[in-house]
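Structure record follows, encoded as structure tokens.
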Amino acid sequence: MKKEANLFLRLLIRLGEQASTLVSNVWGITKLVLDVLVNLPRSPFRWRETIHQMKVIGVETVPLILVTMAVVGSIIVIELRYQLMRLIHTADWTPGFAGIFFLREAGTAVVGAMVASRAGAGMAAEVGTMQITDQVDALKLLRANPVHYLVVPRFIACTLMTMALSVTGVACCVIVGYLFVMDVHNFMSYVETMRKFVGIRDFLVIFEKSFFFGMAIPIISCYYGFQARGGAQGVGTATTRAVVYSILAVILLDFLLTGATQVVSQI
Amino acid sequence: MIRGFFEEIGGIFVFLAETVYSLVRGPLEWRETLLQMYRVGVQSLVVVFIAGFFVGAIVCIQFNNPLEMLGAHIYLGGITGSAILREIGPMLIAAMISGRIGAFIAAELGTMKVTEQVDAVRCLGVDPMICLVAPRFIAVVVMVFFLTIMGLLIANVGAAFIAYTLLGVNIYYYVSSLIKLADTTAFAYSMVKGFVFGVLIATVACRKGMTAEGGAMGVGVAVRSSLVVTAMGLFVAEYLLTSILRVVVRFIQMGEVLYL
Numbered sequence: 001m002k003k004e005a006n007l008f009l010r011l012l013i014r015l016g017e018q019a020s021t022l023v024s025n026v027w028g029i030t031k032l033v034l035d036v037l038v039n040l041p042r043s044p045f046r047w048r049e050t051i052h053q054m055k056v057i058g059v060e061t062v063p064l065i066l067v068t069m070a071v072v073g074s075i076i077v078i079e080l081r082y083q084l085m086r087l088i089h090t091a092d093w094t095p096g097f098a099g100i101f102f103l104r105e106a107g108t109a110v111v112g113a114m115v116a117s118r119a120g121a122g123m124a125a126e127v128g129t130m131q132i133t134d135q136v137d138a139l140k141l142l143r144a145n146p147v148h149y150l151v152v153p154r155f156i157a158c159t160l161m162t163m164a165l166s167v168t169g170v171a172c173c174v175i176v177g178y179l180f181v182m183d184v185h186n187f188m189s190y191v192e193t194m195r196k197f198v199g200i201r202d203f204l205v206i207f208e209k210s211f212f213f214g215m216a217i218p219i220i221s222c223y224y225g226f227q228a229r230g231g232a233q234g235v236g237t238a239t240t241r242a243v244v245y246s247i248l249a250v251i252l253l254d255f256l257l258t259g260a261t262q263v264v265s266q267i
Numbered sequence: 001m002i003r004g005f006f007e008e009i010g011g012i013f014v015f016l017a018e019t020v021y022s023l024v025r026g027p028l029e030w031r032e033t034l035l036q037m038y039r040v041g042v043q044s045l046v047v048v049f050i051a052g053f054f055v056g057a058i059v060c061i062q063f064n065n066p067l068e069m070l071g072a073h074i075y076l077g078g079i080t081g082s083a084i085l086r087e088i089g090p091m092l093i094a095a096m097i098s099g100r101i102g103a104f105i106a107a108e109l110g111t112m113k114v115t116e117q118v119d120a121v122r123c124l125g126v127d128p129m130i131c132l133v134a135p136r137f138i139a140v141v142v143m144v145f146f147l148t149i150m151g152l153l154i155a156n157v158g159a160a161f162i163a164y165t166l167l168g169v170n171i172y173y174y175v176s177s178l179i180k181l182a183d184t185t186a187f188a189y190s191m192v193k194g195f196v197f198g199v200l201i202a203t204v205a206c207r208k209g210m211t212a213e214g215g216a217m218g219v220g221v222a223v224r225s226s227l228v229v230t231a232m233g234l235f236v237a238e239y240l241l242t243s244i245l246r247v248v249v250r251f252i253q254m255g256e257v258l259y260l
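Protein chains in written order, with the numbering used here: chain F, 1 to 267; chain L, 1 to 260.
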């Protein structure tokens, strides 16, 4: 009897610990968001650092995005073609279905996840190394705000570059997807079929979603970077957490934005 | 760059062969393997559940509009479930695990390597492949397989939930088309994919950790390149497996037709 009560108590304590960690992390991220928004318009604007970050986050991720999105585009088209052949016994509508997935999901969520796992890991490792080698404290001693100095340039660069990479990724998907319906469509009819299902609205959805993803990734990555404690192990843990929670944030934001669009369109 | 690409692929296969050889040769460390299984599997369960539920919901919402346009609304359950089982589910679980576990293993083994703990293990007369790599390899392969199955279940629940509440689809139509279109073949696809992705994640993460060089910076480089290589490898493996499995399934079906 006593042992069971003990077990129950331990379970309760463990749940409480988990919940308090969750609440403190959410609160910390909210504080960082507000901090970034307050520091965003403050001068001086760090042009050189922002452009350097744009190069690191954007330009160096382009090969990864191109390869990934080429494969994603071909998988989506092959799979949808197979499904539609089974359901409506024609492959003619494949580009339309594929276009919806390219523009609304693949171009935004997959690119967001790739940016999170490459640029997010890089940011968390960099900020985490600065944190455990006391460089962040050195910045504070020099009366430079670490959020303004470290997070704001990454925030601006990542937001802009995620949007640019999303458009690149969608273009790559559409071009590669054409190769797998070449036997039933020429390029004009491919695009025309796609136009029947997706419009300028879906093109704007790319920017809407990638804007939010691009803002979420640097904030979460830098937050876990600042949380790093105790040596190289700590930086490793911070990087892992940053990647996982960035991808999770991308999925949750994607769900919220998709659901909101759906609800609005139903009204 | 091209040379580096091929060296990477070759290195991964050589490391995989060495790992399998050490599994065949040495006694497996059960205690360590169970500990790693707990860390890989049980502690990732919450993340996998949350991600699976919401991704299933997203796929369902996106399939709803075009199917409504074509008037094929009753197939929503089948097409969503089939897409989740074949492609999205295994891919998603593998991506979450590679971010969580792959990066962690690379960081841990990399730290051991650059602080010369791996050499210390070798000095004690123990093969680091057997005592460090093999337990992690087994744990990741087994646990990714089971997490994939759990994640698929949750993703289908998420899709059905959103179809019922938000989209107003009749749940009986949903389930009946799901049973008709997402058959055993689709489930076999997802299990094969789960196994191969587990092998890929484990191999790349362990290899990047064991080849880390040059201090704390080296560990960071190992973690980041492990993430990038795994992500790219997953997509390429997905594409190859989809093509190969389709041919295999066609041959099996042809054989059945001939035999009967």
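Don't be surprised by glycine CBs; every beta carbon is placed ideally from N, CA and C. Treat the numbers as computed from the prediction; the structure is a model and nothing was measured.
Hey, quick one: how far does the alpha helix (DSSP H) through residue 60/L stretch, first residue to last?
Here residue 60/L refers to the residue found at position 60 when the second sequence is read from its first residue. From DSSP, the alpha helix (DSSP H) with residue 60/L extends over 45-70.
Just the chain F side, please: which residues come within less than 9 Å of residue 95/L by C-beta, in chain order?
Here residue 95/L corresponds to residue number 95 of the second sequence, with the count starting at 1. The answer, in chain order, is 113, 117, 247.
Which residues of the stretch 251-262 of chain F have a Cβ closer than 8 Å to any Cβ of chain L? Give them in chain order.
Taking 8 Å as the Cβ-Cβ cut-off against chain L, the residues of the stretch 251-262 of chain F that qualify are 251, 252, 254, 255, 258, 259, 262.
Any residues in the stretch 105-121 of chain L with a beta carbon nearer than 9 Å to a beta carbon of chain F? Which ones, in chain order?
Residues 106, 107, 108, 110, 111, 114, 115.
Using CA atoms only, rank isn't needed, just tell me which of 255/F, 223/F, 266/F is closest to residue 24/F.
Taking the first residue of the first sequence as 1, we reach residue 24/F at position 24. For the residues 255/F, 223/F, 266/F, the minimum Cα distance to residue 24/F belongs to 223/F.
Hey, how far is the Cα of residue 76/L from the Cα of residue 162/L?
Taking the first residue of the second sequence as 1, we reach residue 76/L at position 76. Taking the first residue of the second sequence as 1, we reach residue 162/L at position 162. Cα to Cα, residue 76/L sits roughly 12 Å from residue 162/L.
Are the Cβ atoms of residue 97/L and residue 55/L separated by less than 8 Å?
Here residue 97/L refers to the residue found at position 97 when the second sequence is read from its first residue. Here residue 55/L refers to the residue found at position 55 when the second sequence is read from its first residue. No; because the gap between Cβ atoms is not below 8 Å, this pair is not in contact.
From the DSSP output, in three-state form, read off residue 35/F for me.
For the purposes of this step, residue 35/F is taken as residue 35 along the first sequence, with counting starting at 1. Of the three classes helix, strand and coil, the one that applies to residue 35/F here is helix, per DSSP.
Whole angstroms is fine: what's the gap from residue 99/F's alpha carbon to residue 197/F's?
What you label residue 99/F is simply residue 99 of the first sequence in a count that begins at 1. What you label residue 197/F is simply residue 197 of the first sequence in a count that begins at 1. So the alpha carbons of these two residues sit roughly 7 Å apart.
Tell me which residues of the stretch 234-253 of chain L have at least one Cβ-Cβ distance to chain F shorter than 7 Å, keeping chain order.
Going along the stretch 234-253 of chain L in chain order, one finds 235, 236, 238, 239, 242 with a Cβ nearer than 7 Å to chain F.
Is the Cβ-Cβ distance between residue 68/F and residue 6/L less than 8 Å?
To locate residue 68/F, count along the first sequence from 1; it is residue 68. To locate residue 6/L, count along the second sequence from 1; it is residue 6. Not closer than 8 Å, so no.
What is the rounded straight-line gap between the Cα of residue 209/F and the Cα of residue 53/F?
Mapped onto the first sequence, residue 209/F falls at position 209. Mapped onto the first sequence, residue 53/F falls at position 53. Distance between the alpha carbons of residue 209/F and residue 53/F is about 21 Å.
Taking Cβ positions only, does residue 87/F come closer than 8 Å to chain L?
Numbered from 1 along the first sequence, position 87 holds the residue referred to as residue 87/F. Taking Cβ atoms only, chain L reaches closer than 8 Å to residue 87/F, which makes this a yes.
Mind pulling the beta strand (DSSP E) runs of 3 or more residues that sit fully within the stretch 66-124 of chain F?
Here no run is fully enclosed.
Between residue 263/L and chain F, is there a C-beta pair that is closer than 8 Å?
No statement about residue 263/L is possible, as the shown extent of chain L runs from 1 to 260 and does not include it.
What residues in its chain sit with their C-beta under 7 Å from that of residue 156/L, if we drop five residues either side in the sequence?
Reading the second sequence from its first residue, position 156 is the one you call residue 156/L. Closer than 7 Å at the Cβ level, and outside the excluded window around residue 156/L, lie 56, 81, 84.
Three or more beta-carbon pairs under 8 Å between the stretch 106-120 of chain F and the stretch 228-247 of chain F, yes or no?
Yes, the stretch 106-120 of chain F is in contact with the stretch 228-247 of chain F.
Beta-carbon within less than 7 Å of residue 167/F's beta-carbon, same chain only, minus the 5 sequence neighbours each way: which residues are those?
Within the first sequence, residue 167/F is the residue found at index 167, counting from 1. Answer for residue 167/F: 206, listed in chain order.
Using only the alpha-carbon positions, how far apart do residue 172/L and residue 164/L sit?
Within the second sequence, the letter at position 172 stands for residue 172/L. Within the second sequence, the letter at position 164 stands for residue 164/L. Cα to Cα, the separation comes out at about 10 Å.
Let's see if you can read the secondary structure: which residues bound the alpha helix (DSSP H) around residue 182/F?
As a first step, residue 182/F is located in the first sequence; it is residue number 182 there, counting from the start. Neither: residue 182/F is in no alpha helix (DSSP H) and is coded neither H nor E.
Taking the beta carbon of residue 90/F as the centre, do at least 16 other beta carbons fall within 10 Å, making it buried, or is it exposed?
Working through the first sequence from its first residue, we reach residue 90/F at position 90. Flag for residue 90/F reads exposed.
Counting only C-beta atoms, is residue 96/F closer than 8 Å to chain L at any point?
If you number the first sequence from 1, residue 96/F lands on position 96. Chain L, which has a Cβ nearer than 8 Å to the Cβ of residue 96/F, makes this yes.
Going by Cα to Cα distance, which pick from 239/F, 145/F, 64/F is closest to residue 218/F?
Mapped onto the first sequence, residue 218/F falls at position 218. The shortest Cα separation from residue 218/F among 239/F, 145/F, 64/F belongs to 239/F.
Is residue 58/F helix, strand or coil when you go by DSSP?
Sequence index remark: in the first sequence, residue 58/F carries index 58 (1-based). Reduced to three states, the DSSP call for residue 58/F is coil.
Exposed or buried, what is residue 126/F when buried is set at 16 or more other beta-carbons lying within 10 Å of its beta-carbon?
The residue given as residue 126/F occupies position 126 in the first sequence. Answer is buried; the Cβ neighbour count reaches 16.
Under three-state DSSP, which class holds residue 227/F?
Within the first sequence, numbered from 1, the residue matching residue 227/F stands at position 227. Residue state, collapsed to three classes: coil.
With 16 other CB atoms within 10 Å as the buried threshold, where does residue 95/F fall?
On the first sequence, residue 95/F is found 95 positions in, with the first residue counted as 1. Buried, because 16 or more other Cβ atoms sit within 10 Å of the Cβ of residue 95/F.
Please list, in chain order, the chain L residues whose beta carbon lies closer than 9 Å to that of residue 195/F.
Here residue 195/F corresponds to residue number 195 of the first sequence, with the count starting at 1. Going along chain L, no residue has its Cβ under 9 Å from residue 195/F, so there is no contact; the nearest lies around 13 Å.
Under 8 Å, with one C-beta from each stretch per pair, do the stretch 107-114 of chain F and the stretch 139-146 of chain F reach the 3-pair mark?
The stretch 107-114 of chain F, when compared against the stretch 139-146 of chain F, does not touch it at the 8 Å Cβ threshold.
Taking beta-carbon pairs under 8 Å, can you tell me which members of the stretch 197-228 of chain F lie near chain L?
Answer in chain order: 197.
Within 10 angstroms of the Cβ of residue 325/F, are there 16 or more other Cβ atoms? Answer buried if so, exposed if not.
The requested residue 325/F is not part of the displayed model; chain F covers only 1 to 267.
Would you mind telling me which residues of chain L sit closer than 7 Å to residue 122/F, beta carbon to beta carbon, in chain order?
For this step, residue 122/F is matched to residue 122 along the first sequence. The contacting residues are 224.
Rounded to whole angstroms, what is the Cα-Cα separation between residue 266/F and residue 112/F?
Within the first sequence, numbered from 1, the residue matching residue 266/F stands at position 266. Within the first sequence, numbered from 1, the residue matching residue 112/F stands at position 112. Looking at the two C-alpha atoms, the distance is approximately 27 Å.
So residue 101/L is in the alpha helix (DSSP H); what residue range does that whole segment cover?
The residue given as residue 101/L occupies position 101 in the second sequence. Segment: none, residue 101/L is in no alpha helix (DSSP H) and carries neither H nor E.
With respect to the alpha helix (DSSP H) encompassing residue 157/L, which residues constitute its N-terminal and C-terminal limits?
For the purposes of this step, residue 157/L is identified with residue 157 of the second sequence, where counting begins at 1. Where residue 157/L is concerned, the enclosing alpha helix (DSSP H) stretches over 134-165.
Assuming residue 101/L contacts residue 140/L under a Cβ cut-off of 8 Å, what Cβ separation, rounded to an integer in Å, is found between them?
The sequence position of residue 101/L within the second sequence is 101, counting from 1. The sequence position of residue 140/L within the second sequence is 140, counting from 1. Indeed, because the Cβ distance is near 6 Å, the residues count as touching under 8 Å.
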